[in-house]
Amino acid sequence: MNARNPRGRGGRKGQQHTASRRLKSYNVPLASPVTITRADGRTDQQPALPEKRSVPRSRRRGSAVCAMCGEKITGLLVVSKDQTVRGRQVHRACEEKSLAWVAERRARLQQAKTEEVPTERRRAKDWLIAENERLRRAQDAMR
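Here it is in structure tokens:
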């Protein structure tokens, strides 16, 4: 704990495991015998462990839930590319519907941009630009 981080950081600190014959970090290959030297000077030879397939990590969470509609996902799930739920698991139908809506919205915005409907804000900005030009011309005339 210090002034920058008064509460400390959560979780364990330091080395989480020791290198043993079952870990890849151990410098003796998996399928080779190991010699153990005891404190009294005896040496024992331990036979090589048979090669094992790596065990997948157990799932700690329940079944997948769609980030858009909140229902359970049965079957194939999709990782969303939509900005609101990017990287989360969703139904394929929910993802397609969302992407279609986003594409439609972009098209509407693009169309509105090309039409250039004068808004109140745009009119105020045009007035301000015209007023600034008028004042500059008046200043130039005074000089």
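In this note's numbering, the protein residues as written are 1348 to 1490.
Where is the CB? At the ideal position from N, CA and C, for every residue including glycine.
All values reported here derive from a predicted model rather than from experimental measurement.
Out of the options, state which residue places its alpha-carbon closest to the alpha-carbon of residue i.
i       : options                            : result
Cys1441 : Ala1459, Arg1453, Ile1420, Val1381 : Ile1420
Gly1422 : Ser1410, Asn1479, Arg1468          : Ser1410
Starting from the C-beta of residue i, find all residues in its chain whose C-beta is less than 6 Å away, skip the five residues before and the five after it, and write them out in chain order.
i       : result
Lys1428 : none
To the nearest angstrom, how far is the alpha carbon of residue i from that of residue j?
i       : j       : result
Val1412 : Glu1462 : 42 Å
Leu1482 : Thr1466 : 24 Å
Ala1447 : His1438 : 14 Å
Arg1453 : Val1425 : 23 Å
Arg1484 : Leu1475 : 14 Å
Lys1472 : Cys1416 : 42 Å
Arg1408 : Lys1444 : 27 Å
Ser1405 : Ala1386 : 38 Å
Thr1431 : Ala1450 : 14 Å
Asn1479 : Ala1488 : 14 Å
Gln1486 : Arg1455 : 44 Å
Arg1490 : Ala1477 : 20 Å
Using the three-state DSSP reduction, which class does residue i fall into: helix, strand or coil?
i       : result
Lys1419 : strand
Thr1466 : coil
Asp1487 : helix
Asp1429 : coil
Asp1473 : helix
Val1375 : Summary for Val1375: the model assigns pLDDT 48, below 50, so the residue's position carries little reliability; its value from the coordinates is reported in the next sentence. Reduced to three states, the DSSP call for Val1375 is coil.
With a threshold of 8 Å on Cβ separation, who are the neighbours of residue i within its own chain once the five nearest residues in sequence on each side are excluded?
i       : result
Gln1436 : Ala1411, Val1412, Cys1413, Ala1414, Ile1420, Leu1424, Val1425, Val1426, Ser1427
Arg1433 : Ser1427
Does the ligand SAH have even one heavy atom less than 7 Å from the beta-carbon of residue i?
i       : result
His1438 : With respect to the ligand SAH, the structure shown offers nothing to examine, as it has no ligands at all.
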